[in-house]
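One structure below.
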Amino acid sequence: MLTDNFTHDSDESFDLIKVIDMHKYFQNNHILKGINFELQPGKLVAIIGRSGCGKTTFLRCLNCLEIMDSGTINIAGVTLNRKNSRDHNVSDKRFGLFKKLKPFQEVDKTESMDEDFQIKTQVLRTRVGMVFQSLNLFPNLNVLDNVMKAPLIVKKESLSQAQLRSIQLLEKVGMDSFIDRMPSQLSGGQAQRVAIARALAMSPKLMLYDEPTSALDPELVEEVIQVMLNLKKEGMTQIVVTHSMSFAKTAADLVVFMDQGQIVEIAPPNEMFSNPQDQRTRDYLKLLLD
Amino acid sequence: MKLKFQIIIIFLLALVSLEAQSKKKIRFAADAEGNAPYIYQNPNNPKELIGFEMDIVKALCDQMGYEYEFVQNQWDGLVPGLLRDDYDIAINGIEVTKERERVVDFSASYYRTFEQILVKNDRNDIFTLEDLRGKKVGALKSSVAEKILQSVHGIKLLSYDAEVSAIADMENDRLDAVLLDHPIALYNAGWNTKIKMVGKPIGEVVYGIAIKKGREDLLFEINEALKQITKSGKLREILQTWNMWNYIMAVYSQDPSESNISPDKYQTYIKAQTKDFTWKDYLARQISYLPQFGEAAIVTMEISLLSMVVAILLGLILALVRVYAPKPISILAILYIEIIRGTPLLIQLFFIYYALPSLGIKISPYFAAVAGLGMNYAAYEAENYRAGLFAVPKGQMEAAISLGMTRGQALRHIIIPQAVRLVIPPITNDFISLLKDSSLVSVITMVELTKLYGQISNANFDYIGTGLIVAAIYLLLGFPFVRLSQVLEKRYTFENRKNKVIV
Chain A
129 MLTDNFTHDS DESFDLIKVI DMHKYFQNNH ILKGINFELQ PGKLVAIIGR SGCGKTTFLR
189 CLNCLEIMDS GTINIAGVTL NRKNSRDHNV SDKRFGLFKK LKPFQEVDKT ESMDEDFQIK
249 TQVLRTRVGM VFQSLNLFPN LNVLDNVMKA PLIVKKESLS QAQLRSIQLL EKVGMDSFID
309 RMPSQLSGGQ AQRVAIARAL AMSPKLMLYD EPTSALDPEL VEEVIQVMLN LKKEGMTQIV
369 VTHSMSFAKT AADLVVFMDQ GQIVEIAPPN EMFSNPQDQR TRDYLKLLLD
Chain B
17 MKLKFQIIII FLLALVSLEA QSKKKIRFAA DAEGNAPYIY QNPNNPKELI GFEMDIVKAL
77 CDQMGYEYEF VQNQWDGLVP GLLRDDYDIA INGIEVTKER ERVVDFSASY YRTFEQILVK
137 NDRNDIFTLE DLRGKKVGAL KSSVAEKILQ SVHGIKLLSY DAEVSAIADM ENDRLDAVLL
197 DHPIALYNAG WNTKIKMVGK PIGEVVYGIA IKKGREDLLF EINEALKQIT KSGKLREILQ
257 TWNMWNYIMA VYSQDPSESN ISPDKYQTYI KAQTKDFTWK DYLARQISYL PQFGEAAIVT
317 MEISLLSMVV AILLGLILAL VRVYAPKPIS ILAILYIEII RGTPLLIQLF FIYYALPSLG
377 IKISPYFAAV AGLGMNYAAY EAENYRAGLF AVPKGQMEAA ISLGMTRGQA LRHIIIPQAV
437 RLVIPPITND FISLLKDSSL VSVITMVELT KLYGQISNAN FDYIGTGLIV AAIYLLLGFP
497 FVRLSQVLEK RYTFENRKNK VIV
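If you read the protein sequences in the order shown, they are chains A and B.
Counting with my numbering, you get residues 129 to 418 for the letters of the first sequence.
Counting with my numbering, you get residues 17 to 519 for the letters of the second sequence.
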C-alpha cells in the first residue's frame, strides 16, 4: 500500500500543513509570490481576497491540481519539494498536423514529473479532499455511486464496505434519502452536500473548498455551511476560499487575507474584521462595507 | 489380418484419390452484369446463369472431364483477378489484344466477330465509321471498338463500363451512336424497337480464353478441347442456337456448310424481352428475385457488421494512441488517420486487393472487403472518439483526480463512460453510411446488393422496379441500427438508474 511509506509519527503538536516559499507562474504571470503558511489540525480557515489575488491557485496547489514551480509543501505527512522549475508549463507551441491536443491536458500536470513526485502527489490527493465551486458530480453515476466510486477503485474497498461507509457519510450530510437520484435531479445545495460526502469517502485529513457556495441560490447556502460546521465539530481541518464575509466572520477560526499573490494577514475573524493591521486589508474590507 | 489391413488402406487411398479426381475443377470468371448473350442471368429463372460462353465452358469441361465453378468479377477486374489466382480462366468476350497478351496467355479463339454500329431507329445519317466524325459515340472501355473509334479523327468518344449503359444513353439522346461487338448489338436491336443496327461489319474481333502465364498445361488442355468441339460441330451448334454463327467463323473453321439448327436460345431471349407483362407476371418476376436479394443482403450485412466491429475497435485504439501515446507513436496514428481519410475508399480497396498480392500478401475477397472498409472507417471512428473525449467537461477529470484516481482510472471509470454516450449518434451515422459504402466491394468480386441490382436490372431492363426493391432492402437493413442507437442512448443516459444496495 502506497500510504505506508508516508505515515508520520502522530505528534499532537505537528503542523498538519506547512507551506514554505511557494511560487507559481502562469506563463509569465507571477501568481503566487512566496507563500508561507502553517496550520494546526482541527481549524476551519477562510481565505479571502480580491479576484485574481491567487487564493484559488493557492488552494489548487495544495492538492496538486496546479503544481507549484518552487517551494515546499508538507501536508498530512507527505512532503513535496520543487526548486525553481517552470518546465511543466512549456506547452507545445508548434502548429500544424502534429500539434498534439490532449483532453484534460491542463488537468493532470503531474504527467511530466518524475515518478517519485507522481506517487507522492497520488498519496497526497487521497489525504486531501476537494470540493469545487462548479460541483463536478459525475453525471453518469447516481448519488451513491458518486460517493463510493473512489473508495472502490482507489482504495479497493469491498462493495459492501464502501456502500456502508458511503451511506453513513450521506447520512452525515443529510442526503441519505437520495442515494438513487442522479445528479441532474438534485438542487445545487444537495449536489454540493453530496460532493462533500464524496470527498469525505476517501477519509481525508484535510478538506479544501473552492468557493463552495457561490454557485448556489442564496436559500441553499445555509445547508452547505451547516455541513461544514458539523465537520468542524468533529475536528476536521478545513480550508475554504470564500467571497462571503459573513461566512468568514461566523464560521472560521482563522481568516487569511491574500493580495497580489501573497498572504498579507492571518488573524481570528473578530480581530481581522474589527482591527485589521495592514493597510491593504483595511482597503479591501472598506471596499466591501461601502 | 495384416493383409486385410493393407487392403483396407489401399481401398481408402483409392477412395481418396477418386474423390480428389472427381473434384478436379476449373474456376472460371466473368461479369454477369449486363452481358447477354455472353453470360447473364436467365430472365425466366434469375438463379441460373446462361449464355453462349456458359455453354462453351460446359462443352469444354465435358470434353476435359472437369467440373466448373463460376466466379463473379467486374469486367475490368477479370485480368487482374487472374494474376492474383482468384480463378483459373477468364472468359467474357475478352478480345485478344497485344496489350493483354503481354500480361496473360490466350487460348485459340472460340469466337470471332466484328464491330457493329448501333443508332436510334429514326437516324438516317449514319452508316459508316466516316459518318461518325463530329458525333458523340459510346463504346465499352478498353475494348477493340474503343480503339477503332480513337483511330478515327474527330469522333467524340465516351467510354462505358457496360454496353447496355451506352445504349440507354443513346436512347435518351445523350449519344448519337454506339460501336460495339456484333453479338450485343444483335441481342439489343433484336427486341428494342427504338434502336437499329446500321452499316457493314467493321474490323474483326477475336475472343480468347485468358489464362495466367505459366500454366501451359491448362492452356494446352483447353486448346485441345477447343479443337475437339470445333471438329465435332459442337461449337457451331452452340453458336447457331444463339444465332451467332457468322461468315468470319465459317471462314475460320473452314465450315461453309449450310445448317438447319434453329436459333432457339436467341428467340427465347427475344421473347422474354418483348413479352407483354401483366401485373401478375411482373410481381411474380420481382418475387422470384427475392431469394437472390436475400443472399446479397446477407453478404452486405455480414461485411458491414464485421467492418464496423473492426472500425470501432481499431478506431478506439487509434484515438487513444493519438491522444495519449508519446509523440513518435502518436504521429503514426495521426498519419494513419489523415492518409486514410484523405484518400478514396475505392483506391484503398483496389490497393489491398490487387496491389498487395504483388508484395506477397494475398487475401481473400471477403477478408479484403472487411479489412478495407474496417480500416477506412476506423479513421473516422477514431476522430469521433476523440471528439467525445474532448467534450467531457474538464471539471470531471479534476474531480476524479482530486479523489486520488490515476489518469487511467479516471478515464476508464469516469470519462470514457460519458464519452461513449456522446459518440453513439455519430457512430450510428457512420454505420449507416458504411452499409451503403459496402457496395464498393463489388469491385473486388463480391456480389452484394448493389452489384446484384446491376446484374438483374441490366438483364430485365427494369431499373425502376428492381431499384425500388434494393432501396427498400437497404432501408430495412439500416433501420434496426437506428433503433439500437436509440436504445443505447437511453441506456447510457444520465438519469434514473437504481443501485442494488446490498448492505
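C-beta atoms are modelled at their ideal positions from N, C-alpha and C, and glycine is treated no differently.
Could you say which of the options lies nearest to residue i if we only look at CA atoms?
i                : options                                   : result
Glu464 (chain B) : B:Glu115, B:Gly331, B:Ile303 and B:Ala385 : B:Ala385
Ser315 (chain A) : A:Asn202, A:Leu415, A:Gln354 and A:Val349 : A:Val349
Leu280 (chain A) : A:Asn264, A:Lys146, A:Ser262 and A:Ser331 : A:Ser331
Leu321 (chain B) : B:Ser454, B:Trp258 and B:Asn400           : B:Ser454
Thr444 (chain B) : B:Asn400, B:Thr316 and B:Glu146           : B:Asn400
Gly170 (chain A) : A:Ala379, A:Leu334, A:Ser374 and A:Ala343 : A:Leu334
Leu416 (chain A) : A:Asn274, A:Glu347, A:Gln405 and A:Arg178 : A:Arg178
Gln407 (chain A) : A:Glu393, A:Phe306 and A:Pro397           : A:Glu393
Lys378 (chain B) : B:Leu405, B:Val180 and B:Leu99            : B:Leu99
Lys157 (chain B) : B:Gln90, B:Ile356 and B:Gly483            : B:Gln90
Asn270 (chain A) : B:Ile430, B:Ile440 and B:Arg231           : B:Ile430
Gly317 (chain A) : A:Ala343, A:Thr378 and A:Ile295           : A:Ala343
Gly404 (chain B) : B:Tyr56, B:Val325, B:Lys229 and B:Pro442  : B:Pro442
Glu187 (chain B) : B:Arg252, B:Val153 and B:Ile286           : B:Val153
Ile417 (chain B) : A:Ile353, A:Arg253, A:Phe266 and A:Leu292 : A:Arg253
Glu117 (chain B) : B:Glu64, B:Leu491, B:Val222 and B:Ala178  : B:Val222
Gly93 (chain A)  : A:Gln320, A:Gln155, A:Asp244 and A:Ile159 : Here chain A comprises residues numbered 129 to 418, so residue 93 (chain A) is not present and cannot be evaluated.
Pro307 (chain B) : B:Ala398, B:Leu468 and B:Cys77            : B:Leu468
Val267 (chain B) : B:Pro279, B:Thr294, B:Lys296 and B:Tyr127 : B:Tyr127
Val180 (chain B) : B:Asn140, B:Thr294 and B:Val194           : B:Val194
Leu196 (chain B) : B:Lys210, B:Lys228 and B:Ala161           : B:Ala161
Ser372 (chain A) : A:Lys361, A:Leu208, A:Pro346 and A:Glu362 : A:Pro346
Ser198 (chain A) : A:Leu187, A:Lys152 and A:Leu190           : A:Lys152
Val315 (chain B) : B:Ala46, B:Ser458, B:Ile110 and B:Tyr508  : B:Ser458
Leu190 (chain A) : A:Ile307, A:Met150 and A:Glu339           : A:Met150
Lys40 (chain B)  : B:Ala75, B:Tyr82, B:Asn58 and B:Gln57     : B:Tyr82
Leu328 (chain A) : A:Gln155, A:Asn398, A:Ala278 and A:Thr409 : A:Ala278
Below 8 Å on the Cβ atoms is my guess for residue i versus residue j; work out the distance and round it to an integer in Å.
i                : j                : result
Glu337 (chain A) : Val368 (chain A) : Strictly speaking, residue 337 (chain A) in this sequence is Tyr, with Glu absent from that position. Correct: roughly 4 Å between the Cβ atoms.
Ser123 (chain B) : Gly224 (chain B) : 5 Å
Ala174 (chain A) : Ala376 (chain A) : 4 Å
Gln250 (chain A) : Thr422 (chain B) : 7 Å
Ile55 (chain B)  : Asn137 (chain B) : In fact, because the Cβ distance is near 28 Å, the residues do not count as touching under 8 Å.
Arg338 (chain B) : Tyr396 (chain B) : Rounded, the Cβ-Cβ distance is 13 Å, inconsistent with contact.
Met276 (chain A) : Gln261 (chain A) : Incorrect: roughly 24 Å between the Cβ atoms, too far for contact.
Gln412 (chain B) : Phe266 (chain A) : 7 Å
Asp271 (chain B) : Thr257 (chain B) : About 16 Å separates the two Cβ atoms, so there is no contact after all.
Ile171 (chain B) : Glu220 (chain B) : 20 Å between Cβ atoms; not a contact.
For residue i and chain E, any beta-carbon pair shorter than 8 Å?
i                : result
Gln425 (chain B) : Structure shown: chain E not included; protein chains present are A and B.
Any heavy atom of the ligand FMN closer than 7 Å to the beta-carbon of residue i?
i                : result
Thr184 (chain A) : As presented, the structure is devoid of all ligands, the ligand FMN included, so that no description of it is given.
With 9 Å as the limit, tell me which residues of the segment 411-422 of chain B have their beta carbon closer than that to any beta carbon of chain A; keep them in chain order.
For the segment 411-422 of chain B, which is checked against every Cβ of chain A, the residues closer than 9 Å are Gly411, Gln412, Met413, Glu414, Ala415, Ala416, Ile417, Ser418, Leu419, Gly420, Met421 and Thr422.
Hey, which unbroken runs of the alpha helix (DSSP H) at 4 residues or more fall wholly within the segment 231-315 of chain A?
Listed in chain order, the complete alpha helix (DSSP H) runs (minimum 4 residues) inside the segment 231-315 of chain A are 243-255, 271-281 and 287-300.
The segment 431-448 of chain B contacting the segment 359-375 of chain B, beta-carbon criterion three pairs below 8 Å
Counting Cβ pairs under 8 Å, fewer than three are found: no touch.
Got a sec: which bits of the segment 427-459 of chain B sit with their beta carbon under 8 Å from any beta carbon on chain A, in order along the chain?
Listed in chain order, the positions of the segment 427-459 of chain B with a beta carbon within less than 8 Å of a beta carbon of chain A are His429, Ile430, Ile431, Pro433, Gln434 and Arg437.
Looking at C-beta atoms only, is the number of pairs between the segment 351-361 of chain A and the segment 385-392 of chain A that lie closer than 8 Å three or more?
Too few Cβ pairs lie closer than 8 Å, so no.
Using 8 Å as the Cβ pair cut-off and three pairs as the minimum, do the segment 194-205 of chain B and the segment 122-137 of chain B touch?
By the C-beta criterion, the segment 194-205 of chain B is judged to be in contact with the segment 122-137 of chain B, since at least 3 inter-stretch pairs fall below 8 Å.
Three or more beta-carbon pairs under 8 Å between the segment 471-489 of chain B and the segment 44-57 of chain B, yes or no?
Short answer: they touch.
Evaluate contact between the segment 241-254 of chain B and the segment 151-171 of chain B, counting only Cβ atoms and requiring at least three cross-stretch pairs below 8 Å.
Segments in contact, no.
What residues in the segment 175-209 of chain A have a beta carbon less than 7 Å from any beta carbon of chain B?
Of all residues in the segment 175-209 of chain A, Asn191 and Leu193 have a Cβ within less than 7 Å of some Cβ in chain B.
Are there three or more Cβ pairs, one per stretch, closer than 8 Å when the segment 68-82 of chain B is compared with the segment 482-500 of chain B?
The segment 68-82 of chain B vs the segment 482-500 of chain B: no contact.
3 or more residues per run - each beta strand (DSSP E) lying fully within the segment 229-255 of chain B:
If we require 3 residues or more, the segment 229-255 of chain B turns out to have no beta strand (DSSP E) run fully inside it.
Tell me which residues of the segment 254-268 of chain A have at least one Cβ-Cβ distance to chain B shorter than 7 Å, keeping chain order.
Listed in sequence order: Thr254, Met258, Phe260, Ser262, Asn264, Phe266, Pro267 and Asn268.
Beta carbons nearer than 7 Å to chain B: which residues of the segment 277-291 of chain A have them?
Those residues of the segment 277-291 of chain A that come within reach of chain B (Cβ to Cβ, closer than 7 Å) are Lys277, Ala278, Ile281, Val282, Leu287, Ser288 and Gln291.
Which residue spans inside the segment 178-217 of chain A form an unbroken beta strand (DSSP E) run of at least 3?
Entirely contained in the segment 178-217 of chain A, the beta strand (DSSP E) runs reaching 3 residues are, in chain order, 198-203 and 206-210.
Please specify which runs of the alpha helix (DSSP H), each continuous and at least 4 residues long, are wholly inside the segment 41-72 of chain B, giving them in chain order.
The qualifying runs do not exist here; there are none.
Members of the segment 315-330 of chain A near chain B, C-beta cut-off 9 Å:
So the close ones are Ala323, Arg326, Ala327, Ala329 and Met330.
For the segment 277-336 of chain B, list the alpha helix (DSSP H) runs that are entirely contained and at least 4 residues long, ordered along the chain.
Fully enclosed alpha helix (DSSP H) runs of 4 or longer: 280-290.
Unbroken stretches of the beta strand (DSSP E), 3 residues or longer, contained in the segment 147-173 of chain A
DSSP runs (the beta strand (DSSP E)) wholly in the segment 147-173 of chain A: 157-167.
Hey, which unbroken runs of the alpha helix (DSSP H) at 4 residues or more fall wholly within the segment 412-494 of chain B?
If only uninterrupted alpha helix (DSSP H) runs of at least 4 residues are considered, those enclosed by the segment 412-494 of chain B are 423-426, 432-453 and 465-476.
Taking beta-carbon pairs under 7 Å, can you tell me which members of the segment 357-376 of chain A lie near chain B?
Flagged: no residues at all.
Please give me, in chain order, every unbroken run of the beta strand (DSSP E) with length at least 3 that falls completely inside the segment 314-390 of chain A.
Secondary structure remark: continuous beta strand (DSSP E) runs of at least 3 residues inside the segment 314-390 of chain A, in chain order: 334-338, 365-369 and 382-387.
Give, in chain order, every unbroken run of the beta strand (DSSP E) that is at least 3 residues long and sits entirely within the segment 157-216 of chain B.
Those beta strand (DSSP E) runs which fall completely within the segment 157-216 of chain B and span 3+ residues are 172-176 and 193-197.
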